[in-house]
Amino acid sequence: MDFARSLSGHFFWCIGSKSHHPFARSRYFFVRREQATEIESVSIPLSYPIHTVHITNILVVLAVLVSSAGVAIHLGALVAGLSWLVFFNAPASVVDSYKAGTWFAPVSCVVIAALMATCGYYAASVLGWVRRPPLQRLGLATMAAICMIRALLLPILAVSNPELRNTFEIVAAAVWGLAGIGFMAAFVLARARREQSGILPSLDAA
């Protein structure tokens, strides 16, 4: 709360739908100076160092960007064609489907793009960019786990599969890992907002 104390004026903290603070609520709350003791007596997210909050936000934005890139890549494959699928190491079944002109390839691209769009939406909801989806925290935790497992599988599988030891796979694993960290950060922010929700209403009534 040291950074909050340094701000001048009767009201030193504002959280609301137009605020850039990661714990923004649907309406504004103004915390008065005389309530600082009450806030500091309880461990809530507002006590996070401001630089930590900014870094966490950046990680969540990164998860949104990675998800958006995934959507663009998979939908772009429908237009770019076979060369795109080969460049991004699409499974052989998808490549064969595209060559044969069957539905498996385009349907797979659309389904994966939809899943990645959902991931991006869940991460964006923590930043207040979109409405809160159902099972937000569970969804974010699941996404983080899947991304981290995907990233950590490469060094394990590469031991017995030398063909996986290439630049593309390493970069892909790194991107999956960064996305996983971003979703974990989003989960932390979502949980912190949940814990905070039982405290701010009482301050608002003061």
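Okay, so the sequence shown: first residue is -18 according to my numbering, each after it adds one. The beta-carbon is built from N, C-alpha and C at its ideal position, and this holds for glycine as well.
G161 carries a helical assignment under DSSP once its states are collapsed to helix, strand and coil.
CA-CA distance, S141 to F85, rounds to 30 Å. Shown here, R175 sits in a helix according to DSSP, grouped into three states. A167 counts as buried, since at least 16 other C-beta atoms from the protein chains shown sit within 10 angstroms of its C-beta. Between the alpha carbons of S48 and G101 lies a gap of roughly 5 Å. The C-alpha of V152 is placed about 27 Å away from the C-alpha of V107. Counting every other CB atom within 10 Å of its CB across the protein chains shown gives A132 a total of 16 or more, marking it as buried. The beta carbon of G120 lies closer than 6 Å to those of Y103 in the same chain, with the five residues before and after it left out. In the DSSP assignment, L116 falls outside any alpha helix (DSSP H), carrying neither H nor E. Of all alpha-carbon atoms in L56, W157, V75 and G163, the one lying nearest the alpha-carbon of L134 is that of W157. Of all alpha-carbon atoms in S64, V91, V92 and F164, the one lying nearest the alpha-carbon of K80 is that of S64. With respect to A98, F164 sits apart: the two C-beta atoms are not nearer than 9 Å. Remark: C-beta atoms of P136 and A154 approach each other more closely than 9 Å. In the three-state scheme derived from DSSP, where H, G and I count as helix and E and B as strand, A71 is classed as coil.
L108: not part of any alpha helix (DSSP H); DSSP gives it neither H nor E.
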